[in-house]
Each structure stands twice: as C-alpha cells, then as structure tokens.
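Using the working numbering, read the sequence shown as starting at 7 and increasing by one per residue. Note that beta-carbon positions come from the ideal geometry of N, C-alpha and C, so glycine has one too. In this text, all values refer to a predicted model and were calculated from it rather than measured experimentally. What follows is one structure encoded as structure tokens, with my remarks underneath.
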Amino acid sequence: MTLYKLVVLGDGGVGKTALTIQVGQALDIWSQKNLTKTVLLVVS
C-alpha cells in the first residue's frame, strides 16, 4: 500500500473538511483501521 500525505489549506468555512471527506469516500480510505489525522498549527 502506498502512503500519501495530503495538505488542504484555505480560509475558514470554505469546505476543506467536506472536500477531504469526499476524496476519502471516493478512495475508500475510511475502511482502513490505522487512519490518522494530524493537525499542524503554525502561528507567526
């Protein structure tokens, strides 16, 4: 299995989570038990 990392950037309320869920459902990655979510917060 190939591991890919996806970074979705954008302003709040533009649909980043909705897009991620749609891609995940299309690729059927939600059936994998070791799915993780990493959040990186950068404050400048």
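Item                                                                                                   : Value
Check whether Thr-26 and Val-14 have beta carbons under 8 Å apart                                      : yes
Own chain residues within Cβ distance below 6 Å of Val-20, not counting five before or after           : none
Cβ neighbours of Gly-16 in the same chain (closer than 7 Å, five flanking residues each side left out) : Lys-22
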